[in-house]
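A.B. asks: Numbering (the numbering used here), first residue to last: 486 to 991. Take a look at the following structure, please.
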Amino acid sequence: MIRRLFCYTLIAGALAAPCARAQDAQAVVKTAEYALGMIRGPQRIDAINTLEYWGTGSTYAFGQSYRPDSAWPEFKVTYHASLSYAVPAMRVDVTRSNPDGLIQGGGGLPLAAPQRQIQVMSGKFAWNESVPGAGFIPGSAATPTPGAVNDRLLQLWTLPFGVLKMAVKAGSAAKVTTEGGATVITFPLSGALQGIITKVTLNAKNQPERVETRTSDPVLGDMVTETTYSDYKDLGEITTDVQFPSHIVEKQGGFPVLDLTVTKADPNNPYVVFPVPDNVEKAPPAAVKVETQKVSEGVWYLTGGTHHSVAVEFKNYVALVECPLNDDRAVAVIDAVKKTIPNKPIRYVVNSHHHFDHLGGLRACVAEGATILTAAENKPYYEKVWAMPHTLSPDRLAKVPKKPVIEAVADKRVLTDGTQTLELYHLQGTNHADTMLIGYLPKAKVLIEADVYNPAPPIASPGPVVKESVNLYENIKRLNLDVQQITPLHGRLVAISDLRKAIGQN
Ligand SMILES: [Zn+2]
């Protein structure tokens with residue numbers, strides 16, 4: 486009905502400019518709120534303040550595919566979310582288990598046992614119930630995750646109720662158009678998510694059917710997150726007339742990150758509260774820190790965060806192994822290299838594999854003028870994603886565009902100048918990533934590897950044998966590498982005997 490009120494111009498003149506009038510947009514939003522049972526009666530009484538919902542399905546590890554450009558790897562999950570729009574706050578309690586069939590890809594797969602994760606956001610704070618180094622332990626102390634606040638807020642505000650509340654807040658900034666016969670409301674989010682443009686497509690019953698946002702990702706640039714909500718029902722234990730989707734599918738970068746069948750939804754439980762733990766409230770802001778440790782002549786281990794790098798000095802240049810995470814980390818690593826090895830350009834940057842946490846800083850290294858060495862399969866993918874728009878949060882490369890120089894590595898590549906040598910090999914037989922390279926420094930007898938062997942802190946009790954680490958050791962033997970030390974890109978500097986111990990071969 487409403488549609489007819491303001492869109493007659495469009496219906497009359499098929500391809501005319503979409504009609505968009507602010508007051509009409511708010512009328513449409515109100516219709517959608519009624520459709521969900523969010524408001525009752527002629528007065529706008531907002532009936533949804535808190536919400537809990539439960540479901541089963543799958544989550545997928547974004548950016549952790551086995552091959553570049555393929556779908557994110559799956560975990561099976563049971564899922565329980567609780568949220569409050571007033572705070573705003575959200576707690577997601579998920580138990581993940583391995584998918585069926587062959588397990589390939591990163592993100593922690595395969596799991597040694599089902600794993601429970603509790604991730605919380607409250608106001609401007611975010612944390613996980615986890616123990617650093619030991620992972621998620623429900624009921625344990627909180628580990629602050631300040632970098633996750635906005636992602637979790639976005640999740641809260643793009644659920645059906647939240648997105649309509651945000652549309653109301655947008656006031657006259659909300660516009661309505663018609664696309665393919667469907668009503669679309671477009672508006673900017675507010676608060677900490679200010680400026681993120683959100684598009685809500687309504688179904689024939691005026692319920693939000695599809696919500697689309699764009700946020701900045703270090704790899705994909707202006708990345709689309711689209712969530713579809715279908716099969717709305719009253720999912721309350723007692724009839725509430727509140728309609729919630731029984732199927733939620735969220736996609737990022739074109740592939741699902743969540744596919745959830747909702748079995749129960751309970752609005753307005755007054756006991757949904759989110760006290761911020763003291764250590765989270767008092768945690769200092771996350772700072773990018775690079776610690777430099779000389780491992781051998783011309784070899785430096787760059788640590789200080791979650792993802793490490795190794796700088797290798799040649800006569801006339803530096804080769805940097807790994808430029809991880811994002812622009813901020815990459816710039817800090819580049820600066821540390823320049824300070825440690827002054828007056829030599831970073832000519833090569835080696836990329837261990839295509840997982841987003843390991844490739845996220847590469848654009849900054851391209852901007853630095855370095856040639857990227859990566860597995861052959863990655864080259865077309867990197868060329869494709871790096872050409873995509875990065876306008877929402879322009880990084881170094883977006884500000885000073887440069888054509889990336891990428892040299893593909895097949896089975897082996899050697900950089901040498903007679904004094905220093907860095908050998909790169911394709912890691913065979915791994916299920917972590919098909920594009921995995923390992924590095925070997927024959928003079929220093931040092932091996933560089935990512936993700937397939939992450940040594941735990943020395944005091945930790947030994948965990949189960951990880952198949953990927955056994956495979957790494959088999960590759961070392963296959964290639965006849967005389968390894969004495971390992972500089973893992975996660976964890977700490979260890980001796981080859983530590984790897985042997987970890988795989989039960991001492
Ligand atoms: Zn990985």
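We put the beta carbon where it would ideally sit given N, CA and C, even for glycine.
Beta strand (DSSP E) containing Thr544: first to last residue?
C.D. replies: Taken as a continuous stretch (DSSP letters only), the beta strand (DSSP E) holding Thr544 covers Thr535 to Tyr545.
A.B. asks: Compare the Cα-Cα distances from Ile681 to each of Val514, Ala659 and Ala546 and report the closest residue.
C.D. replies: The option with the nearest alpha carbon to Ile681 is Ala659.
A.B. asks: Leu638: buried (16+ other C-beta within 10 angstroms of its C-beta) or exposed?
C.D. replies: By the neighbour-count rule (16 or more Cβ atoms within 10 Å), Leu638 is buried.
A.B. asks: Using DSSP bridges, identify the partner residues of Arg601.
C.D. replies: Arg601 pairs with Thr580.
A.B. asks: Going by DSSP, which residues form a beta bridge with Leu984?
C.D. replies: In the DSSP output, where bridge partners are listed per residue, Leu984 has none listed.
A.B. asks: Taking Cβ to Cβ, would you say Tyr866 is nearer than 8 Å to His840?
C.D. replies: Against a cut-off of 8 Å, the Cβ pair of His840 and Tyr866 comes out as no contact.
A.B. asks: At what residues does the alpha helix (DSSP H) containing Glu868 begin and finish?
C.D. replies: Note, Glu868: alpha helix (DSSP H), Asn863 to Trp871.
A.B. asks: Extract the residue ranges of the alpha helix (DSSP H) inside the region 743-814, only unbroken runs of 4 or more that lie entirely within it.
C.D. replies: Here the runs fully enclosed are 763-766.
A.B. asks: Confirm, please, whether the CB-CB distance from Arg898 to Leu858 is below 8 Å.
C.D. replies: Yes.
A.B. asks: How many angstroms separate the CA atom of Val806 from the CA atom of Thr825?
C.D. replies: Using only the alpha carbons, I get a separation of about 15 Å.
A.B. asks: Which residues does DSSP list as the beta-bridge partners of Ile891?
C.D. replies: Answer is Ile857, bridged to Ile891.
A.B. asks: Considering only their Cβ atoms, is the gap separating Val775 from Val816 smaller than 8 Å?
C.D. replies: No, Cβ-Cβ distance for Val816 and Val775 is not below 8 Å.
A.B. asks: For Phe610, decide whether its Cβ has a neighbour in chain B, counting only Cβ atoms nearer than 8 Å.
C.D. replies: This model lacks chain B altogether, as it is built from one protein chain only.
A.B. asks: What are the residues that DSSP puts in a beta bridge with His911?
C.D. replies: Looking at the DSSP assignment, His911 forms a beta bridge with Leu922.
A.B. asks: Distance, Cα to Cα, Val758 vs Asp578?
C.D. replies: If I take the Cα positions, the gap works out to 14 Å.
A.B. asks: Between the region 777-791 and the region 566-577, are three or more C-beta pairs nearer than 8 Å?
C.D. replies: Not touching, per the Cβ criterion.
A.B. asks: Short of 6 Å in beta carbon distance, which residues of its chain neighbour Arg695, apart from the five on each side in sequence? Order them along the chain.
C.D. replies: Hits under 6 Å: Thr686 and Thr713.
A.B. asks: Can you tell me which residues fall inside 5 Å of ligand 1, judged by beta-carbon distance to its nearest heavy atom, and keep chain order?
C.D. replies: That query returns the following residues: Gly591, His840 and Asp936.
A.B. asks: Distance check for Thr663 and Val669, CA to CA, integer angstroms please.
C.D. replies: Spanning the two alpha carbons is a distance of roughly 6 Å.
A.B. asks: Which residue marks the beginning of the alpha helix (DSSP H) containing His843, and which one marks its end?
C.D. replies: His843 -> alpha helix (DSSP H) spans Phe841 to Leu844.
A.B. asks: Provide the residue span of the beta strand (DSSP E) that contains Lys932, from first to last.
C.D. replies: This sequence places Leu at residue 932; Lys is not what is there. Residues Val931 to Glu934.
A.B. asks: Could you tell me how far apart the beta carbons of Asn811 and Gly845 are, in whole angstroms, since I believe they sit closer than 8 Å?
C.D. replies: Yes, Asn811 and Gly845 are in contact; Cβ-Cβ is about 5 Å, under 8 Å.
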